[in-house]
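Residue numbers (the working numbering): 7 to 276. Every residue, glycine too, gets a C-beta built ideally from N, C-alpha and C. Remember, it's a predicted structure, so these values are computed and weren't measured experimentally. For reference, the structure is listed below as structure tokens.
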């Protein structure tokens with residue numbers, strides 16, 4: 007099948023997944039309620055216990071990019087859970103019987119979750135504005151920050167797509183993803199400055215790609231470390247967070263797009 011035909015088929019599958027969100031609004035409600043709860047919890051409960059020279063307002067500005075990064079990474083699990091559900095119900099086999107591109111299911115699934123992440127970021131951004139977050143740079147820089155967040159999440163979606171077709175149920179996807187994603191998003195600069203972490207964890211966090219995408223977003227939003235006396239990052243990853251984020255996204259896509267496609271063929275032929 008030609009490339010234009012594959013693109014059209016992928017968009018049709020993406021629309022199918024978006025219509026599902028429209029018809030089952032609970033999916034969108036719960037994916038937006040959780041980040042709102044995190045924003046309020048960290049901003050007003052935990053944030054009050056963190057000593058910063060700028061007070062709570064400085065910490066809230068620092069916090070929001072971390073919440074963004076955590077949420078879009080966790081949002082990537084929707085891809086895996088959705089595909090696991092489709093395999094379990096036999097929907098993948100039905101797609102296989104249609105005259106459509108073999109890559110359309112995976113492309114459509116991952117693209118629809120990008121749209122879902124955009125909606126979630128809009129809701130979170132509005133919540134952030136309410137609690138005091140502000141973008142202090144230009145519009146192009148701010149857009150670049152959001153694009154890097156979405157690019158990183160899109161790459162993780164392909165990892166989740168591969169996992170989703172390996173495991174028997176959507177519940178297993180969520181449990182497996184939680185075990186990996188939870189430490190990645192917390193042992194990072196998402197919620198606290200790196201200098202507050204003990205030595206070994208600080209070294210790990212400096213090279214953690216979640217720290218890089220968070221730092222890239224902060225730089226492009228103009229939200230610095232709440233402690234003006236904090237030392238500048240010493241690792242190459244955090245000195246070049248945009249490049250490091252794009253390198254990670256590229257490597258992940260290079261590895262997991264073929265893996266997910268191969269696993270799709272095996273899963274669909276069972």
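{"Asked": "Cβ contact check for the segment 87–101 and the segment 127–137: 3 or more pairs under 8 Å", "Found": "no"}
{"Asked": "Stretch pair the segment 60–80 + the segment 190–210: three plus CB contacts closer than 8 Å", "Found": "yes"}
{"Asked": "Same chain only: Cβ atoms within 6 Å of residue 166, ignoring 5 sequence neighbours per side", "Found": "82, 83, 85 and 86"}
{"Asked": "When 88, 51, 111 and 50 are compared against residue 18, the one with the closest alpha-carbon", "Found": "111"}
{"Asked": "Three-state class that DSSP yields for residue 19 in the structure shown", "Found": "helix"}
{"Asked": "Classification of residue 200 by the beta-carbon crowding that lies within 10 angstroms, buried from 16 upward", "Found": "buried"}
{"Asked": "Reduced DSSP category for residue 96 - H, G, I as helix; E, B as strand; rest coil", "Found": "coil"}
{"Asked": "Coarse secondary structure for residue 236, derived from DSSP in three states", "Found": "coil"}
{"Asked": "Residue 72 versus residue 149 - alpha carbon distance", "Found": "16 Å"}
{"Asked": "Segment contact flag, the segment 201–213 with the segment 116–125, C-beta cutoff 8 Å, min 3 pairs", "Found": "no"}
{"Asked": "Assigned secondary structure, residue 139 (DSSP; H/G/I helix, E/B strand, else coil)", "Found": "coil"}
{"Asked": "C-beta atoms of residue 251 and residue 158 nearer than 8 Å", "Found": "yes"}
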